[in-house]
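These protein sequences, in sequence, are chains Z, X, G and L. The opening position of the first sequence corresponds to residue 17 in the working numbering, with each subsequent residue numbered one higher. The opening position of the second sequence corresponds to residue 17 in the working numbering, with each subsequent residue numbered one higher. The opening position of the third sequence corresponds to residue 11 in the working numbering, with each subsequent residue numbered one higher. The opening position of the fourth sequence corresponds to residue 11 in the working numbering, with each subsequent residue numbered one higher. Below: one structure, written as structure tokens.
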Amino acid sequence: MVGTSLRGSGPANAPIDSLLVDSSTQLGSVRIPAPVFTASGCAASGQGLDNFFDIAAIGGIVTKSIMLRARSGRATPRMAETPSGMLNGIGLQGPGIDDFLENDLAWLQARKVRTVVSIAGNTVEEYGRVARRLRELDWLTAVEVNISCPNVESRGQVFACDAAASAAAITEVRRALTSNTPVIAKLTADVTDIVGIARSVIDAGADGVAMINTLLAMSIDLDQMRPVLSGGTGGLSGPAIRPVAVRAIWQVHAEFPNLPILGMGGVRSGADALEMILAGASAVSVGTTIFNDPSAPWRIQRELREELGKRGFGKLTDAIGHAHTVFEASK
Amino acid sequence: MVGTSLRGSGPANAPIDSLLVDSSTQLGSVRIPAPVFTASGCAASGQGLDNFFDIAAIGGIVTKSIMLRARSGRATPRMAETPSGMLNGIGLQGPGIDDFLENDLAWLQARKVRTVVSIAGNTVEEYGRVARRLRELDWLTAVEVNISCPNVESRGQVFACDAAASAAAITEVRRALTSNTPVIAKLTADVTDIVGIARSVIDAGADGVAMINTLLAMSIDLDQMRPVLSGGTGGLSGPAIRPVAVRAIWQVHAEFPNLPILGMGGVRSGADALEMILAGASAVSVGTTIFNDPSAPWRIQRELREELGKRGFGKLTDAIGHAHTVFEASK
Amino acid sequence: MNNNPVQTIGKIIGVRKTGFYSVISIACAGIAETARPGQFVTVAVGGENSSMLLRRAFSIASVDDRSSYGGVIDIVVSAEGPGTRWLASRKRDDSLDLVGPLGKPYPIPKNPVATVLVGGGYGAANLPWLGKVLIQRGCRLDSIYGAATDLKVYGQLEARRIGGSLTITTEDGSLGTMGRVTDVLPDVMSKHNAAVVYACGPMPMLSAVAQIAQDNGAIAQVAVEEAMACGIGVCMTCVLPIIDENGITKMTRSCISGPVFDAAQVRFADINKLPSDVYGADAMGGH
Amino acid sequence: MNNNPVQTIGKIIGVRKTGFYSVISIACAGIAETARPGQFVTVAVGGENSSMLLRRAFSIASVDDRSSYGGVIDIVVSAEGPGTRWLASRKRDDSLDLVGPLGKPYPIPKNPVATVLVGGGYGAANLPWLGKVLIQRGCRLDSIYGAATDLKVYGQLEARRIGGSLTITTEDGSLGTMGRVTDVLPDVMSKHNAAVVYACGPMPMLSAVAQIAQDNGAIAQVAVEEAMACGIGVCMTCVLPIIDENGITKMTRSCISGPVFDAAQVRFADINKLPSDVYGADAMGGH
Ligand SMILES: Cc1cc2nc3c(=O)[nH]c(=O)nc-3n(C[C@H](O)[C@H](O)[C@H](O)COP(=O)(O)OP(=O)(O)OC[C@H]3O[C@@H](n4cnc5c(N)ncnc54)[C@H](O)[C@@H]3O)c2cc1C
Ligand SMILES: Cc1cc2nc3c(=O)[nH]c(=O)nc-3n(C[C@H](O)[C@H](O)[C@H](O)COP(=O)(O)OP(=O)(O)OC[C@H]3O[C@@H](n4cnc5c(N)ncnc54)[C@H](O)[C@@H]3O)c2cc1C
Ligand SMILES: Cc1cc2nc3c(=O)[nH]c(=O)nc-3n(C[C@H](O)[C@H](O)[C@H](O)COP(=O)(O)O)c2cc1C
Ligand SMILES: Cc1cc2nc3c(=O)[nH]c(=O)nc-3n(C[C@H](O)[C@H](O)[C@H](O)COP(=O)(O)O)c2cc1C
Ligand code: FES
Ligand code: FES
């Protein structure tokens, strides 16, 4: 195994005061002053977190995936705790795009919060229709496309599980938006070949990818002797899945070293965030950890700067994918 | 949500003394007196555990996957701890089938331990060659086929990730063994459609399936700034992945209700074992938990009997897949 | 948000057993000062390397904002599962990571009307404090606390300290009247013509209380207990079908719009269901 | 297995700090009675709902099988990561889930030869006990314990109690000779013509000790420390390239064939590598 000596070839070795670390990052052409986002569905539209830290001071809020129409979401129970993780089956409860624009998005704009709007659809066309409602909003940081939705035109097969369907949704969204708005495709690791899915969305015009979404999973209520979640299966998130997320980021970065990756899945500390950045992420999103610690995005952002500084990284961007360099050199 | 009242339609409601619970099970045509096995690779060939409990008193030992030739395994480090899980990259270290027959298997037979031999191969032909060496051993409980191996004839694509390759390996093994020896195909959840893979191995002659194998994952060493495991990626196991395993068992049982399923992935207690049985497993294997608690297979077997008794199940086999019945009735 | 919750590291200044429950007193700046009856806190459980990620919710049973420790709150913990067992085994001087005060408090009547408090098990935890406030407002107070068995009845002592009548029920008859709180509720209500019933306890109890209150022309304010992942309104796990002012039923977050609801707004029969007339249910075809 | 380990719930009867380390004394039936120097125990960490699944390994520092508590063992814990920090914060009367004794002990010379003990940091934990056994066998004993700095030198007191000479080294010169244990080893060895060197500490130290022993025609017995998932020979994570009696290098489990090895068998330069001449390396093309 390779010792730290190899680091001489990378960034400087000497520790740097964390206050001097430049932790701004790039998502494609867009410069982001801070590297930690909230994960979609884990911060609603940010209001609930503003009590705990200044939500304008993190990378940004990624809003809960919004669809064309208002959705009630699923019946309860909607969640279960699992070892170092949780399972959810919310069913994309939300007010629909119009109400969202009028209320949530207006609030975020007024509050001057960097905002990534996550959108979803039941059909390719619906992705396009939702995206078009965002076309004029040039203040948005990006649009994240949640393609982990059942495609009603394809017997409920999840878009993100099929390269062609993923590409179709992204093409439609890309077309609906101006080129000023970066499009980030959100991938699931519930596939045989995540690199193949990444390739298809890049070809379709995605400016970056976000990963990973929750893993399809289930818990059974041993008293009721039926699945805990009303819908049966749900999505597994939290630190339990972090090693799967790191692997997915690693594989996609290995294939597409210049692709901006928004890494997520179980980030709980600055060290976890650094792990994803070394694997190839340009920024990270924090989801489930918020439920454990509502101040987490802010705390993790501070810890990440410290972790970078300790390792002599003066700039976050120097650390992106750095583990690949070290690993290659050790072969 | 459905209350316990619905259970009236299933087994008796009144609790039963755990000593009176019949926890024998069936793996296809084979009756197994006890329902808990060790998971392949987590008990070597059983010797190390015999200090902690009577290894002849559990369902059986599933031996570490054996290949044709002796294998050194990978360089170290070979493991990392992760939240409620661990990552391993052993690389199927083993003595090769001949040495294994002469030493490990002879010991197991002399010790009168129910034994499932796990086999692996680099090519379809190699699966057949290893299986043929087991053909005369009619005392074996079953042969488990670890198809989570890179297929050297298909650019290293893992057999279990491809329906046709999986089927080819199982066909070869089925042909190599007599019909007295059940063939269990071990599936991975690292696929888009595990039901499709299950179908292909059933069609190829598998008598049952074991699932799930570890999830492909990675941890990064933040001091060395490279993957912890010498091989980069490795396999994630332990309670962290249990919800994924339960989901996989659920899906496959829903499609093939009569298919014997050996459930595994993070089983740590009798309650966890029951969860898999309610989802559709006929028996369970305990892997990573052994490292935490070497007496676990024995303990879990006892706890499972208690959990069954508490819920009024006089026979384990009545509980197999029971959560499907309750769930359907609630719709 | 209807208030400004804080996240803070509290210090346990005392743990005492009362029957089946553990009452934990926690010095925690910023919570006791603004909390009102009906609000709750969430607590991180299991320590630094816990496999349990989700915070556990507990009613604020009482506050003391003039203690020598600074603000102090009491919570009443029923050790049922791994998280509550961990909490119940904490000791004096241990630290706890708290968020609160959360949720909407019980509304207090403007006029001094007759009120009844109904508590099931540890649901009674937040009622004595509420009772104190009601009495300060000049309300007539009758309390009914019940449980399956005597050890699970909370609040006897606390209720007596506050005043008003107290009726205890246990299902096994081991203490007070044998039966359920709802068996005695109609009589207690009619005796002083109660205008408001406040209830906290299991959902079936709340549902029955709601019905009785309605039958008696009274208002019921119920504090519900839904599984909550975040407690701060960001996750959407804790919803209930609640009828809004326009008569539309919405899946409403009980952590920020509750936990206290006017019982008339709660569709008890439809909890854990998705009736087709719920706002947005028609869009749920896909998933 | 070369012995019969047991799994048992031990009870902590004392925790004491010594410099950077915590010495934990544990009453645990079935381990103290059969353990010998060089063997180790594994401990489950983090309690009932821990996210840490893997047991942590610790040398048995000493045993007392005639204490009033029944068998007692001492372990010396260096709090480095989450598991060891948890352990170091345990208190008297806490329980610990233990497995042991595990591994092969240090081989004891049949004849009373001159021996040297070399310990790096907490690696010195198991050496005083070994020294006691060697002195009982009539061996000449010289001990060298070192660390980066004074607080990390373990065993000063214990070594003095046992007898023989003691040399301390610290890299920063804060205690004893400034430098490393291997700086003073050649002199110590030659003074009494040492026949066997026993060493425990970081791998680079063991490698250097092995070289010095070889240069001086002595045998070195080294206790290695590889990351172990199971500690009982069932998982294959803890392997080292070890040369067997036929000159063939095999990936050998350090938990059951070690942790003590004859240093001449250990291919130090090839640790964390897979040299092509290792038995079975040729079959590793696939994966
Ligand atoms: C607003 C509110 C106030 C509460 N007040 C009190 C109180 O004063 N005293 C008290 O003892 N308990 C109270 N509870 C219930 C308490 O939060 C649960 O008993 C506790 O979360 C169970 O955790 P566990 O680890 O013991 O059980 P587990 O079953 O292991 O919990 C697993 C998951 O399910 C959730 N969960 C399980 N049971 C409940 C439940 N009954 N209600 C809500 N979530 C649950 C947990 O929060 C956790 O996320 C309150 C709950 C809510 C929502
Ligand atoms: C045979 C043997 C004897 C040991 N004797 C002692 C002793 O007497 N005193 C003492 O303080 N320590 C001893 N150690 C090292 C001790 O086991 C590790 O320091 C400890 O496992 C680290 O756990 P952690 O949770 O603090 O660190 P983490 O880094 O969180 O551990 C994560 C994982 O890596 C493994 N690991 C990390 N560091 C080491 C290490 N240095 N050696 C082996 N595994 C490691 C852990 O076991 C765990 O599985 C011994 C190790 C072995 C193998
Ligand atoms: C309660 C909950 C709701 C979620 N809702 C969404 C969503 O609406 N859209 C989306 O793309 N991902 C959603 N996710 C997935 C997260 O954004 C994230 O990808 C995943 O949880 C992994 O990150 P984490 O482990 O940090 O939570 C949700 C996750 C949780 C736990
Ligand atoms: C150290 C280790 C080695 C393993 N080796 C094998 C193997 O040789 N063959 C195999 O089919 N599965 C192997 N597995 C996978 C397990 O058999 C099991 O499928 C997986 O670990 C999930 O179960 P668990 O969470 O109970 O460990 C191994 C797992 C571990 C942790
Ligand atoms: S608990 Fe998260 S929204 Fe209510
Ligand atoms: S630690 Fe498992 S074989 Fe050595």
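Just so it is clear, CB atoms sit at the ideal spot from N, CA and C, and this is done for glycine as well.
*Taking I41 (chain L) and I85 (chain L) to be in contact with their CB atoms under 8 Å, please state how far apart those CB atoms are, rounded to whole angstroms.*
Not confirmed; about 11 Å, so no contact.
*Through-space distance from R130 (chain Z) to P49 (chain Z), alpha-carbon basis*: If you take the alpha carbons of P49 (chain Z) and R130 (chain Z), they lie about 10 Å apart.
*What did DSSP end up calling M199 (chain L) once you bin it into helix, strand or coil?*
helix
*Please classify T194 (chain X): is it buried, with 16 or more other beta-carbons within 10 angstroms of its beta-carbon, or exposed?*
By the C-beta density criterion, T194 (chain X) is exposed, having fewer than 16 other C-beta atoms within 10 angstroms.
*Report whether the distance from the Cβ of I85 (chain L) to the nearest heavy atom of ligand 2 is below 8 Å.*
yes
*Listed from N- to C-terminal order along the chain, which residues in the region 47-71 of chain G have their beta-carbon within a distance smaller than 8 Å of any beta-carbon of chain Z?*
A54, S61, M62, L63, L64 and R65
*Along chain Z, which residues have their Cβ under 8 Å away from the Cβ of K283 (chain G)?*
A91
*Buried or exposed (CB count within 10 angstroms, at least 16 for buried), D154 (chain X)*: exposed
*Kindly indicate if chain Z contains any beta-carbon less than 9 Å away from that of T247 (chain G).*
yes
*Cα-Cα separation between G48 (chain G) and V270 (chain G), rounded to whole angstroms*: Cα to Cα, G48 (chain G) sits roughly 7 Å from V270 (chain G).
*What number of angstroms, rounded off, separates the C-alpha of R277 (chain G) from the C-alpha of I253 (chain G)?*
7 Å
*Anyone know if the C-beta pair for G279 (chain Z) and A261 (chain Z) falls short of 9 Å?*
yes
_Length of the line joining the Cα atoms of G330 (chain X) and L36 (chain X)_ = 7 Å
*Going by the beta-carbon positions, is the gap between A72 (chain X) and R127 (chain X) smaller than 9 Å?*
yes
*Which bits of chain X does M215 (chain L) rub up against, with CB to CB less than 8 Å?*
Per Cβ cutoff of 8 Å: no residues; M215 (chain L) is ~18 Å from chain X at best.
*Considering only the beta carbon of each residue, do G57 (chain Z) and C245 (chain G) sit closer than 9 Å?*
Going by C-beta atoms, G57 (chain Z) is nearer than 9 Å to C245 (chain G).
_For T341 (chain Z), report the span of its alpha helix (DSSP H) as first-last._
H338 to A345
*Please check the pair G144 (chain Z) and C165 (chain Z), which I expect to be a contact at CB under 8 Å, by giving their CB distance rounded to whole angstroms.*
That pair is no contact at about 14 Å.
_Cα-Cα separation, D103 (chain L) to S200 (chain G)_ = 56 Å
*Using a Cβ-Cβ cut-off of 9 Å, state whether E272 (chain Z) counts as contacting chain X.*
One detail in the question is off: residue 272 (chain Z) reads as Phe in this sequence, not Glu. Chain X, which has no Cβ nearer than 9 Å to the Cβ of F272 (chain Z), makes this no.
*Mind checking who Q42 (chain Z) pairs with in its DSSP beta bridge?*
For Q42 (chain Z), which the question treats as bridged, DSSP gives the partners Z:R47.
*asked:* Assuming V53 (chain G) is part of the beta strand (DSSP E), what are its boundary residues?
replied: F50 to V53
*Measuring alpha carbon to alpha carbon, tell me which of L:S153, L:D197 and L:M188 ends up nearest P138 (chain L).*
L:S153
_Chain-ordered residues of the region 172-191 of chain Z with a beta carbon less than 7 Å from chain X_ = Listed by position along the chain: C177.
*Compare the C-beta of D225 (chain G) against all C-beta atoms of chain Z and say whether one is closer than 9 Å.*
No, no contact with chain Z.
*Within the chosen definition, does the region 100-117 of chain G reach the region 233-245 of chain G through at least 3 CB pairs nearer than 8 Å?*
yes
*Where L103 (chain X) meets chain Z, residues with beta-carbon distance less than 9 Å*: P259
_Through-space distance from L290 (chain Z) to I265 (chain Z), alpha-carbon basis_ = Spanning the two alpha carbons is a distance of roughly 12 Å.
_CB contact below 9 Å: E97 (chain X) versus chain L_ = E97 (chain X) counts as touching chain L.
*Between A71 (chain G) and V25 (chain G), is the Cβ-Cβ spacing less than 9 Å?*
no
*Interface partners of W96 (chain L) on chain G, CB under 9 Å*: G57, E58 and N59
*Starting from S301 (chain X), find everything on chain L with Cβ-Cβ shorter than 7 Å and list it in chain order.*
Going along chain L, no residue has its Cβ under 7 Å from S301 (chain X), so there is no contact; the nearest lies around 14 Å.
*Return the chain-ordered list of same chain residues with a C-beta closer than 6 Å to the C-beta of N167 (chain Z), the five sequence neighbours on each side being excluded.*
Q173, F175 and A181
_Cβ contact check for the region 321-338 of chain Z and the region 76-83 of chain Z: 3 or more pairs under 8 Å_ = no
_Once the 5 residues before and after S21 (chain X) are set aside, which same chain residues still bring their CB inside 6 Å of it?_
Unreliable placement is indicated for S21 (chain X), whose pLDDT of 33 sits below 50; the coordinate value is still reported in the next sentence. There are no such residues.
*Indicate whether at least one CB of chain Z lies closer than 9 Å to the CB of M11 (chain G).*
Note that M11 (chain G) scores 40 on pLDDT, short of 50, meaning its location in the model is unreliable; the coordinates nonetheless yield the value given after this. At least one chain Z Cβ lies under 9 Å of M11 (chain G).
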